[in-house]
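Residue numbering for the sequence shown follows the UniProt record's numbering, beginning at 1 and increasing consecutively. Just so you know, even glycine gets a beta-carbon here, dropped at the ideal spot from N, CA and C. For clarity, every value in this text was computed on a predicted model and none was experimentally measured. Contents: one structure, followed by commentary.
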Amino acid sequence: MALTEEEQSERDLGTMFIAYIFVMMAYGFTVFQTYFYYSKCSKSTDGWVLRAVVGTLAVLDTASSGMFSHAMYYYLIITYMEGTDMDVITKPLCATLLLSIVCFFIVEMYHCIRAWQEGHPTTSAAIGFLGAATLALGTAMSVYLFEARDFGVLEQTKVKAITAAALGSSALAGMAIVYFQFSDFRFTCTDCSAASSTRGLIDKINMLVLRRGVMPAVFQLACFVLLLAMPWEKYWLALLFTSAKSHINCFFYLLNSRESMHATSLDTTVMDTLTMDSNRLQWRDSMSSVPQGFQVTTSTFIPTRATSSIPSTKRRPWRGGDDIHDVRGPTFAPRRH
1 MALTEEEQSE RDLGTMFIAY IFVMMAYGFT VFQTYFYYSK CSKSTDGWVL
51 RAVVGTLAVL DTASSGMFSH AMYYYLIITY MEGTDMDVIT KPLCATLLLS
101 IVCFFIVEMY HCIRAWQEGH PTTSAAIGFL GAATLALGTA MSVYLFEARD
151 FGVLEQTKVK AITAAALGSS ALAGMAIVYF QFSDFRFTCT DCSAASSTRG
201 LIDKINMLVL RRGVMPAVFQ LACFVLLLAM PWEKYWLALL FTSAKSHINC
251 FFYLLNSRES MHATSLDTTV MDTLTMDSNR LQWRDSMSSV PQGFQVTTST
301 FIPTRATSSI PSTKRRPWRG GDDIHDVRGP TFAPRRH
């Protein structure tokens with residue numbers, strides 16, 4: 001049964017509100033990962049270009065979140081009691097859409113340059129072309145929506161074709177990035193039984209879904225399919241905003257995982273190990289970077305510490321020392337006579 005105009009508007013409002021919740025949650029992860037990157041990963045390893053890209057994405061994501069919050073304030077507070085008309089497009093919502101397209105383009109250009117540096121010219125050209133098409137068509141889509149101020153403009157064949165082409169090129173660029181990630185970076189698993197543990201399974205999922213860009217590619221493809229299948233619903237728009245956040249967070253996670261991969265709490269027999277050469281990311285065998293003083297098992301690192309030469313029966317309570325976590329063991333104060 002067809003919905004009335006009021007019921008359809010209420011459904012669209014609920015869809016956008018749920019998208020707003022996920023978008024703001026993802027923005028919290030963006031803030032955390034930005035702080036982690038600048039405090040841990042970029043001090044002496046990355047060039048100024050990569051640091052500027054991360055900062056630009058963080059600023060654009062902040063602006064996008066603010067604009068989306070303003071748009072939801074208009075729908076939920078200002079016009080709610082009068083009957084919210086979700087077909088009306090506000091300026092902040094158009095700005096959010098345009099900023100999301102720009103974030104797509106920046107991340108795609110990073111992977112384009114990286115694919116070129118790693119010796120994949122065909123994949124690099126495909127990502128670059130699709131990224132440029134996404135930016136051009138997405139900008140045109142935003143301009144049409146900004147001028148019309150009504151989602152009904154999507155019923156026009158020209159505008160709908162431009163919107164579908166923009167989302168389609170973005171989805172193809174996401175799949176090209178996933179192809180590059182899986183073709184260039186090998187997945188080492190010297191002991192696949194280690195992945196059966198809970199921690200090994202979580203690490204493997206993180207690597208496949210987040211660091212390889214599978215999640216944003218799936219979101220972009222679903223956004224394109226929803227636009228073609230149900231253009232009268234706002235599902236595609238809500239998923240577009242969520243996809244932009246996942247694109248940024250997966251990119252930040254890829255950069256930040258270079259630091260966390262060297263932590264001794266991770267399973268290096270299942271995970272890959274990254275080394276950095278300026279702005280280029282290179283992979284090497286994880287077992288060649290085992291820190292000294294640790295024994296490698298099939299699932300984790302076990303620290304080996306030197307034992308004290310003092311017999312256990314003659315030890316006195318610890319009264320201080322340089323460091324309680326010193327690998328030489330705690331120090332004991334001399335006996336006072």
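{"query": "Assess, as a yes-or-no matter, whether the stretch 114-134 is touched by the stretch 83-95 under the definition of 3 or more beta carbon pairs within less than 8 Å.", "result": "no"}
{"query": "Closest to I248 by C-alpha separation, out of I113, F29, V218 and L137, would be which residue?", "result": "F29"}
{"query": "Could you give the residue range of the alpha helix (DSSP H) that holds S65?", "result": "W48 to Y73"}
{"query": "Going by beta carbon distance, what residues of the same chain come within less than 6 Å of L226, once the five residues before and after it are set aside?", "result": "Y235 and W236"}
{"query": "Could you spell out the range, first to last residue, of the alpha helix (DSSP H) harbouring G14?", "result": "E5 to F36"}
{"query": "Give the single residue among C94, A173, C103 and P92 whose Cα lies nearest to the Cα of A125.", "result": "A173"}
{"query": "In angstroms, rounded to a whole number, what distance separates the CA positions of residue 374 and Y38?", "result": "Since the first and last residues shown for the chain are 1 and 337, residue 374 lies out of range."}
{"query": "Just to confirm, are L208 and S100 a CB contact at a threshold of 8 Å?", "result": "no"}
{"query": "What first and last residue would you give for the alpha helix (DSSP H) that runs through W116?", "result": "K91 to Q117"}
{"query": "So A238 and A19 are supposed to be a Cβ contact under 8 Å. How far apart are they, rounded?", "result": "3 Å"}
{"query": "Can you list, in chain order, the residues of its chain whose CB lies under 8 Å from that of L130, leaving out five sequence neighbours each side?", "result": "E108, S169, S170, L172, A173 and A176"}
{"query": "What would DSSP say about D85, mapped onto helix, strand or coil?", "result": "coil"}
{"query": "DSSP has D203 in a bridge; who is on the other side?", "result": "Note: D203 sits in no beta bridge, so no partner."}
{"query": "Using a Cβ-Cβ cut-off of 6 Å (strictly less than) and excluding sequence neighbours within five positions of L145, which residues of its own chain qualify?", "result": "I89 and C94"}
{"query": "Leaving out five residues before and five after F36 in sequence, what residues of the same chain have Cβ atoms less than 6 Å from its Cβ?", "result": "N256"}
{"query": "Under DSSP, the alpha helix (DSSP H) around P216 begins and ends at which residues?", "result": "V214 to A229"}
{"query": "Which residues mark the beginning and the end of the alpha helix (DSSP H) in which T123 is found?", "result": "P121 to A148"}
{"query": "Suppose you measure from the CA of I162 to the CA of A26; what does that come to, to the nearest Å?", "result": "28 Å"}
{"query": "Using the Cα positions of R11 and I77, report the straight-line distance between them to the nearest angstrom.", "result": "17 Å"}
{"query": "Return yes when the Cβ of P231 is within less than 8 Å of the Cβ of K158, no when it is not.", "result": "no"}
{"query": "Give the straight-line distance between the Cα atoms of A132 and F105, rounded to the nearest whole angstrom.", "result": "7 Å"}
{"query": "Taking the C-alpha atoms as reference points, what is the distance between L201 and Y253?", "result": "18 Å"}
{"query": "Please report the distance separating the alpha-carbon of F224 from that of D150.", "result": "20 Å"}
{"query": "I want to see whether chain B comes within less than 8 Å of F36, judged by CB atoms only; does it?", "result": "Here chain B cannot be found, since the structure has a single protein chain."}
{"query": "Anyone know if the C-beta pair for S103 and A244 falls short of 8 Å?", "result": "According to the sequence displayed, residue 103 carries Cys and not Ser. For C103 and A244, yes; Cβs fall inside 8 Å."}
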